[in-house]
Amino acid sequence: MDLQVQFGKRVKELRLAKGLSQEALALKAEVDRTYMTSVENGKRNVAIQNIGKIIAALDISIQDFFTTDIFEGIDE
Numbered sequence: 001m002d003l004q005v006q007f008g009k010r011v012k013e014l015r016l017a018k019g020l021s022q023e024a025l026a027l028k029a030e031v032d033r034t035y036m037t038s039v040e041n042g043k044r045n046v047a048i049q050n051i052g053k054i055i056a057a058l059d060i061s062i063q064d065f066f067t068t069d070i071f072e073g074i075d076e
């Protein structure tokens with residue numbers, strides 16, 4: 001699975017677990033809602049600065065964000 005898709009799936013998983021809409025998360029992360037949609041769909045090559053903003057908006061550490069089965073096998 002593509003890293004962009006894996007990242008988007010993780011964002012969506014955490015967003016839903018926190019009961020946030022895409023719009024609410026986008027506002028917290030200070031990005032456009034349509035940008036967040038494309039991130040979750042794996043259609044964006046997300047800049048490192050925006051990765052940090054999205055993870056911070058999800059109220060999770062970077063380590064915890066990436067500690068999941070979704071990111072296993074990235075090197076494949």
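Mapping of the sequence shown onto the UniProt record's numbering: position 17 corresponds to residue 17, and the numbering continues sequentially without gaps.
Where a beta carbon is used, it is the ideal one built from N, C-alpha and C, also for glycine.
Fair warning: this is a prediction, and the values are worked out from it, not measured in the lab.
Sixteen is the threshold: since fewer than 16 other Cβ atoms of the shown chains lie within 10 Å of the Cβ of residue 3, the residue is exposed. Per DSSP, residue 41 lies in no alpha helix (DSSP H) and is assigned neither H nor E. Taking the Cβ atoms as the reference, residue 47 lies roughly 12 Å from residue 29, outside the contact range of under 8 Å. In summary, residue 26 is buried, with 16 or more beta-carbon neighbours lying within 10 Å of its beta-carbon over all protein chains present. Shortest Cα-Cα distance from residue 40 to any of 11, 71, 72 involves 11.
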